[in-house]
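Student:
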Amino acid sequence: MVLTCGIDEAGRGPILGPMVMAGVVLDEQAAGELKLLGVKDSKLLTISRMRELYGKITGLSARHMITVIPAEEIDSALESSTLNLNWLEAQKTAHIISQLKPDKAIIDSPSVNLASYKSYLARLLQDSRTELIVEHKADLNHVECGAASILAKVTRENEIEKIKNQIGNNFGSGYLTDPLTKAFLDDNFDKHPAVFRKSWIPYKRAAETKAQRTLEAFTEVSKNGK
């Protein structure tokens, strides 16, 4: 019986909150059952439907693992001289594979260079005998990756709701295409810095704009004081 692990992420692009990665190990029978239940790329499903499928996926999977990567860790990777977001994702992917020990792993690649990404990932695995399949749109083409994308997306949504409750602010999705998120960044980037990805250019611009305004105000006060 071949056990195949699908790996996918949710939340690479938002300005705030964590990125979540998930791995789901399925045998052929479980993969078939989940496909019949409608498991597919999370982008094609509503959040309510994903929540319904979440328990089906965890119940039918041989093993699964979810990793939450906080904004601070993402910033550290992006500000490092040896890492970037793709390599950070590869490291988390390697850890998931090492923990779940599938016969085969299908990875939805974040990199345009599939060969380079697969090679980097294989080096991280060292002695692993797991067969690696690295593709674009793997979450669309493989039910294992679709299942992983659902676990990652639901977990990411839950984490966002926790942050909203903690700070008492409905900032929307966390993506800057969302007007609520954009307004929250403009008004609260310095009030709730821990939730933001400070390495993102829009956050840096907001901080620089405030620093410039503060300097201008100080200069004006100094002039008037003279």
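Okay, so the sequence shown: first residue is 6 according to our numbering, each after it adds one. Ideal placement from N, C-alpha and C gives every residue a C-beta, glycine not left out.
Using the beta-carbon count (16 or more within 10 Å), is G203 buried or exposed?
Tutor: Residue mapping note: residue 203 aligns to position 198 of the sequence shown, counting from 1. The sequence given here has Lys at residue 203, not Gly. Classification of K203: buried, given that the 10 Å Cβ count is 16 or more.
Student: What span of residues does the alpha helix (DSSP H) with R54 cover, start to end?
Tutor: Residue mapping note: residue 54 aligns to position 49 of the sequence shown, counting from 1. 52-65 is the extent of the alpha helix (DSSP H) around R54.
Student: Run through DSSP, which three-state label would E14 get?
Tutor: As a first step, residue 14 is located in the sequence shown; it is residue number 9 there, counting from the start. Reduced to three states, the DSSP call for E14 is strand.
Student: Taking 8 angstroms as the cut-off, decide whether the C-beta atoms of S207 and I79 are in contact.
Tutor: Taking the sequence shown and counting its residues from 1, the one referred to as residue 207 is at position 202. Taking the sequence shown and counting its residues from 1, the one referred to as residue 79 is at position 74. The residue asked about is misnamed: residue 207 is Pro in this sequence, not Ser. The answer is no: Cβ separation not under 8 angstroms.
Student: D191: buried (16+ other C-beta within 10 angstroms of its C-beta) or exposed?
Tutor: The count along the sequence shown starts at 1 and reaches residue 191 at position 186. Burial call: exposed.
Student: Return yes when the Cβ of I155 is within less than 8 angstroms of the Cβ of L42, no when it is not.
Tutor: The residue you call residue 42 lines up with position 37 of the sequence shown. The residue you call residue 155 lines up with position 150 of the sequence shown. No; because the gap between Cβ atoms is not below 8 angstroms, this pair is not in contact.
Student: Give the DSSP-derived three-state secondary structure of T182 in the structure shown.
Tutor: To locate residue 182, count along the sequence shown from 1; it is residue 177. In the structure shown, T182 sits in coil (DSSP, three-state: anything other than H, G, I, E or B).
Student: Span of the beta strand (DSSP E) holding V25?
Tutor: To locate residue 25, count along the sequence shown from 1; it is residue 20. Counting along the chain, the beta strand (DSSP E) containing V25 begins and ends at 24-31.
Student: What do you get for L49, buried or exposed, if any count of 16 or more other CB atoms within 10 angstroms of its CB means buried?
Tutor: Looking up residue 49 in the sequence shown gives position 44. When all chains shown are included, L49 counts as exposed.
Student: Buried or exposed for P3, please, with buried defined as at least 16 other CB atoms from any protein chain shown within 10 angstroms of its CB.
Tutor: The first residue shown for the chain is 6 and the last is 231, placing residue 3 beyond what the model contains.
Student: Does the contact criterion of 3 or more C-beta pairs under 8 angstroms hold for the stretch 32-41 versus the stretch 98-113?
Tutor: No, the stretch 32-41 does not touch the stretch 98-113.
Student: Compute the Euclidean distance between the alpha carbons of L233 and G173, then round it to the nearest angstrom.
Tutor: Residue numbering for the chain in the displayed model covers 6 to 231; residue 233 lies beyond these limits and cannot be assessed.
Student: When burial is assigned at 16 or more other CB atoms within 10 Å of the CB, is R242 buried or exposed?
Tutor: With the chain running from 6 to 231 in the structure shown, residue 242 is simply not present.
Student: Roughly how many whole angstroms lie between the Cα atoms of L105 and T214?
Tutor: Against the sequence shown, residue 105 aligns to sequence position 100. Against the sequence shown, residue 214 aligns to sequence position 209. Approximately 46 angstroms, taken between the alpha carbons.
Student: If contacts are defined as beta-carbon pairs under 8 angstroms, then V29 and I62 qualify, I think. What distance do you get, rounded to the angstrom?
Tutor: In the sequence shown, counting from the first residue as 1, residue 29 sits at position 24. In the sequence shown, counting from the first residue as 1, residue 62 sits at position 57. With 8 angstroms as the limit, V29 and I62 qualify as a contact, their Cβ atoms being about 6 angstroms apart.
Student: Which partner residues does R68 have in the DSSP bridge list?
Tutor: Here residue 68 refers to the residue found at position 63 of the sequence shown. Partner(s): V30.
Student: Please return the same chain residues whose Cβ sits closer than 6 angstroms to the Cβ of G151, not counting the five positions on each side in sequence.
Tutor: Taking the sequence shown and counting its residues from 1, one reaches residue 151 at position 146. Contacts found: V44, K45, D46, D144.
Student: In three-state DSSP terms, what is V139?
Tutor: The residue you call residue 139 lines up with position 134 of the sequence shown. The answer is strand: DSSP assigns V139 an E or B state.
Student: According to DSSP, which residues form a beta bridge with V73?
Tutor: Taking the first residue of the sequence shown as position 1, residue 73 is located at position 68. V25, per the DSSP bridge assignment.
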